[in-house]
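**Student:** In full-length UniProt numbering, the protein residues as written are 1 to 527. Glycine is no exception: its CB is placed at the ideal position from the N, C-alpha and C atoms.
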Ligand SMILES: [Zn+2]
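Here's what the structure looks like:
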């Protein structure tokens with residue numbers, strides 16, 4: 001048992017250093033949480049084997065040697081995690097019993113999104129920003145003052161602040177800014193917005209940080225010379241009035257309220273524009289927070305109710321090539337099914353052949369130059385976007401000796417697939433002779449935003465394309481369909497899946513679309 005505990009401690013500690021100090025996670029959040037929970041359970045069951053330096057008793061990782069150290073005036077705590085509604089209910093019961101409250105006595109709480117970024121503590125003296133420090137191990141962080149001064153969301157001066165005010169919050173990057181940064185040919189391509197935010201803030205050259213689109217949300221405070229308010233929600237409103245963006249905590253009066261906020265944010269998670277990994281619940285009354293106090297690394301008055309992990313590792317079974325409307329050959333990863341962010345994922349985009357090879361179109365390395373091969377263990381990332389991406393690869397589990405060979409002919413029609421200089425995409429040269437391109441073009445032509453023909457969806461387009469009697473091979477043939485049907489012997493209405501009414505309806509909706517606005521026509525033709 002002692003050996004198992006020692007091994008778990010070692011793995012969790014190594015993951016802490018990789019995540020917090022090097023901004024390069026070595027395992028998924030879900031795997032990390034599972035290891036840490038197992039370790040905590042074993043330590044609880046074997047108190048004789050407990051140790052003060054166990055990763056369950058510490059926060060984050062020691063600061064990097066590259067930065068000057070800052071000792072926090074007040075420790076930066078971590079949060080207790082919960083993964084189920086039962087654990088949230090348990091948390092509330094424990095607090096009630098600690099405070100001696102009756103089960104039906106009111107207990108106001110706040111609920112706010114948990115931003116997936118990098119914690120930062122800002123110290124203001126006489127209303128001026130004098131120091132910014134990362135969390136580090138909670139006691140000692142890294143001095144990143146010059147870098148923090150370049151972030152527009154962080155006020156340099158606050159006119160009506162208490163003499164000493166430490167504001168705590170999260171530095172993060174929006175999905176839009178993250179995508180633009182990775183596309184801009186920055187010296188490094190990041191796996192996700194959190195790594196990009198952390199890597200951008202922890203730069204030795206503040207000039208680089210200044211060019212990175214970092215943002216800041218305030219969610220709390222450290223040392224203060226005068227209270228901001230007598231409630232959590234009041235204090236955050238005060239920070240908002242001082243000019244900080246806040247996570248806009250919502251006031252809740254019951255477990256059901258808290259869980260409703262969680263469910264709402266979980267559902268809207270993909271459209272918020274930035275990554276969140278859960279919801280944080282806090283007791284609203286600050287005098288109750290004081291009475292509840294702290295454990296070794298976490299407050300008793302707050303809880304992080306996490307979402308299912310958005311990163312997972314799985315096996316890349318094979319790489320398939322899809323041919324689009326313009327002939328672009330797009331590589332798609334077929335994966336061993338894995339749950340990412342609560343959704344089962346089996347396909348993910350691999351962008352283009354350069355991305356698979358491990359560099360961008362300018363030859364700059366992606367994933368430090370690691371290529372992706374069939375059979376590899378890959379990290380799948382899904383957040384914000386609906387389309388999951390393959391972000392990274394585990395070289396230690398690689399068995400395939402061969403690089404992936406991107407095809408130079410179209411897998412659909414066999415025509416040569418050509419890559420023009422300066423283009424990151426390889427395209428089939430078969431034009432409309434390529435069935436994949438012809439079908440995609442027809443599908444686009446009849447889509448909602450273009451001709452929008454009722455009864456002629458993607459499935460029907462594919463069937464008519466292959467139909468030997470009544471084919472639609474190009475858009476103009478849609479408008480001759482009724483006449484050709486009337487002239488033929490094998491009428492559409494007599495076919496399987498069709499009847500008098502459905503055939504009539506189709507011909508009528510085509511007829512109605514004979515003249516459409518020019519804008520739609522241009523869109524439909526893809527010009
Ligand atoms: Zn083709």
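Alpha carbon to alpha carbon, how far is residue 210 from residue 361? Give it in angstroms, no decimals.
**Tutor:** Locating residue 361 in the chain shown gives position 361, counting from the first residue. Locating residue 210 in the chain shown gives position 210, counting from the first residue. So the two alpha carbons sit approximately 25 Å from each other.
**Student:** Could you please go through the chain and list the residues whose beta-carbon is closer than 7 Å to any non-hydrogen atom of ligand 1?
**Tutor:** 323, 327, 410, 412, 413, 415, 428, 430, 434, 436 and 437
**Student:** Using beta-carbon positions only, say whether residue 335 and residue 345 come within less than 8 Å of one another.
**Tutor:** To locate residue 335, count along the chain shown from 1; it is residue 335. To locate residue 345, count along the chain shown from 1; it is residue 345. Yes; because the gap between Cβ atoms is below 8 Å, this pair is in contact.
**Student:** Which two residues bound the contiguous alpha helix (DSSP H) that contains residue 93?
**Tutor:** The residue labelled residue 93 in the question sits at position 93 within the chain shown. Counting along the chain, the alpha helix (DSSP H) containing residue 93 begins and ends at 85-99.
**Student:** Between which two residues does the alpha helix (DSSP H) containing residue 17 stretch?
**Tutor:** Taking the chain shown and counting its residues from 1, one reaches residue 17 at position 17. First-last for residue 17: undefined, no H or E at that position.
**Student:** Which term fits residue 228, buried or exposed, when burial requires 16 or more other beta carbons within 10 angstroms of its beta carbon?
**Tutor:** Numbered from 1 along the chain shown, position 228 holds the residue referred to as residue 228. It counts as buried.
**Student:** State the start and end residues of the unbroken alpha helix (DSSP H) segment that holds residue 179.
**Tutor:** Position 179 of the chain shown holds residue 179. 175-183 is the span of the alpha helix (DSSP H), which, as asked, contains residue 179.
**Student:** Around the Cβ of residue 46, are there at least 16 other Cβ atoms within 10 angstroms (buried) or fewer (exposed)?
**Tutor:** For the purposes of this step, residue 46 is identified with residue 46 of the chain shown, where counting begins at 1. The residue is exposed, with fewer than 16 neighbouring Cβ atoms inside 10 Å.
**Student:** On the DSSP bridge assignment, give the partners of residue 109 in chain order.
**Tutor:** Looking up residue 109 in the chain shown gives position 109. According to DSSP, residue 109 bridges with 252 and 283.
**Student:** Report back the beta-carbon spacing between residue 261 and residue 111 to the nearest angstrom; my notes put them in contact at under 8 Å.
**Tutor:** Within the chain shown, the letter at position 261 stands for residue 261. Within the chain shown, the letter at position 111 stands for residue 111. That belief holds up - the Cβ atoms of residue 261 and residue 111 are roughly 4 Å apart, short of 8 Å.
**Student:** May I have the straight-line CA-CA distance separating residue 509 from residue 451, to the nearest angstrom?
**Tutor:** On the chain shown, residue 509 is found 509 positions in, with the first residue counted as 1. On the chain shown, residue 451 is found 451 positions in, with the first residue counted as 1. Taking the straight line joining both Cα atoms gives about 10 Å.
**Student:** How big is the Cα-Cα spacing for residue 102 and residue 291?
**Tutor:** As a first step, residue 102 is located in the chain shown; it is residue number 102 there, counting from the start. As a first step, residue 291 is located in the chain shown; it is residue number 291 there, counting from the start. When rounded, the distance between both Cα atoms is 16 Å.
**Student:** So what does residue 118 bridge to, in DSSP terms?
**Tutor:** Translated into the one-based positions of the chain shown, residue 118 becomes position 118. According to DSSP, residue 118 bridges with 171.
**Student:** Apply the 10 Å Cβ neighbour rule to residue 480 and answer buried if 16 or more other Cβ atoms are within range, or exposed otherwise.
**Tutor:** Reading the chain shown from its first residue, position 480 is the one you call residue 480. Looking at its Cβ environment, which holds fewer than 16 other Cβ atoms inside 10 Å, residue 480 is exposed.
**Student:** Only counting the same chain, and skipping five residues up and downstream in sequence, which positions put a Cβ closer than 6 Å to that of residue 413?
**Tutor:** Taking the first residue of the chain shown as position 1, residue 413 is located at position 413. The residues are 430 and 434.
**Student:** From the DSSP secondary-structure annotation, give me the bridge partner or partners of residue 165.
**Tutor:** Counting from one through the chain shown, the residue named residue 165 turns up at place 165. Paired residue(s): 124 and 224.
**Student:** Report yes if the C-beta distance between residue 428 and residue 499 is below 8 Å; otherwise report no.
**Tutor:** The residue you call residue 428 lines up with position 428 of the chain shown. The residue you call residue 499 lines up with position 499 of the chain shown. Contact flag unset, no.
**Student:** Is DSSP giving residue 347 helix, strand or coil here?
**Tutor:** On the chain shown, residue 347 is found 347 positions in, with the first residue counted as 1. It is a strand residue.
**Student:** Going by DSSP, name the residue or residues bridged to residue 332.
**Tutor:** Translated into the one-based positions of the chain shown, residue 332 becomes position 332. Its beta-bridge partners are 320 and 349.
**Student:** So, is residue 8 buried or exposed, given that buried needs 16 or more other C-beta atoms within 10 angstroms?
**Tutor:** On the chain shown, position 8 is the one that residue 8 refers to. Per the 10 Å Cβ criterion, buried.
**Student:** Going by DSSP, what residue range makes up the alpha helix (DSSP H) through residue 243?
**Tutor:** Position 243 of the chain shown, counted from the first residue, corresponds to residue 243. It is not in any alpha helix (DSSP H) - residue 243 carries neither H nor E in the DSSP assignment.
**Student:** Ends of the beta strand (DSSP E) at residue 368?
**Tutor:** The residue labelled residue 368 in the question sits at position 368 within the chain shown. Looking at the DSSP string, residue 368 is not in any beta strand (DSSP E), and its letter there is neither H nor E.
**Student:** Whole angstroms is fine: what's the gap from residue 240's alpha carbon to residue 312's?
**Tutor:** Sequence index remark: in the chain shown, residue 240 carries index 240 (1-based). Sequence index remark: in the chain shown, residue 312 carries index 312 (1-based). Roughly 36 Å separates the two Cα atoms.
**Student:** Looking at the structure shown, is residue 303 part of a helix, part of a strand, or coil, going by DSSP?
**Tutor:** For this step, residue 303 is matched to residue 303 along the chain shown. The answer is strand: DSSP assigns residue 303 an E or B state.
**Student:** Return the first residue and the last residue of the alpha helix (DSSP H) that residue 392 is part of.
**Tutor:** Within the chain shown, residue 392 is the residue found at index 392, counting from 1. Looking at the DSSP string, residue 392 is not in any alpha helix (DSSP H); the run it does join, the beta strand (DSSP E), is 389-393.
**Student:** Alpha carbon to alpha carbon, what distance is there between residue 392 and residue 247?
**Tutor:** Position 247 of the chain shown, counting from 1, holds the residue named residue 247. Position 392 of the chain shown, counting from 1, holds the residue named residue 392. Approximately 30 Å, taken between the alpha carbons.
**Student:** So what does residue 313 bridge to, in DSSP terms?
**Tutor:** Numbered from its first residue, the chain shown carries residue 313 at position 313. Answer is 379.
**Student:** Count the CB pairs spanning the stretch 144-154 and the stretch 214-229 that are closer than 8 Å, and state whether there are at least three.
**Tutor:** yes
**Student:** Using three-state DSSP, classify residue 505 as helix, strand or coil.
**Tutor:** The count along the chain shown starts at 1 and reaches residue 505 at position 505. The answer is helix: DSSP assigns residue 505 an H, G or I state.
**Student:** If you follow the beta strand (DSSP E) that residue 70 is in, where does it begin and where does it stop?
**Tutor:** Within the chain shown, residue 70 is the residue found at index 70, counting from 1. Residue 70 -> beta strand (DSSP E) spans 69-71.
**Student:** Can you tell me whether residue 1 is buried or exposed? The criterion is at least 16 other CB atoms within 10 Å of its CB, across all chains shown.
**Tutor:** Translated into positions along the chain shown, residue 1 becomes position 1. With fewer than 16 Cβ atoms within 10 Å of its Cβ, residue 1 is classed as exposed.
**Student:** Skipping 5 residues on each side, what residues in its chain have a beta carbon closer than 8 Å to that of residue 405?
**Tutor:** The residue given as residue 405 occupies position 405 in the chain shown. Non-local beta-carbon contacts of residue 405 in its own chain, meaning distances under 8 Å to residues more than five positions away in sequence, are absent.
**Student:** Less than 8 Å between C-beta atoms, sequence neighbours within five positions excluded: which residues of the same chain meet that for residue 408?
**Tutor:** Position 408 of the chain shown, counted from the start, is the residue given in the question as residue 408. Cβ within range, chain order: 416, 417 and 426.
**Student:** Within the chosen definition, does the stretch 456-466 reach the stretch 353-369 through at least 3 CB pairs nearer than 8 Å?
**Tutor:** no
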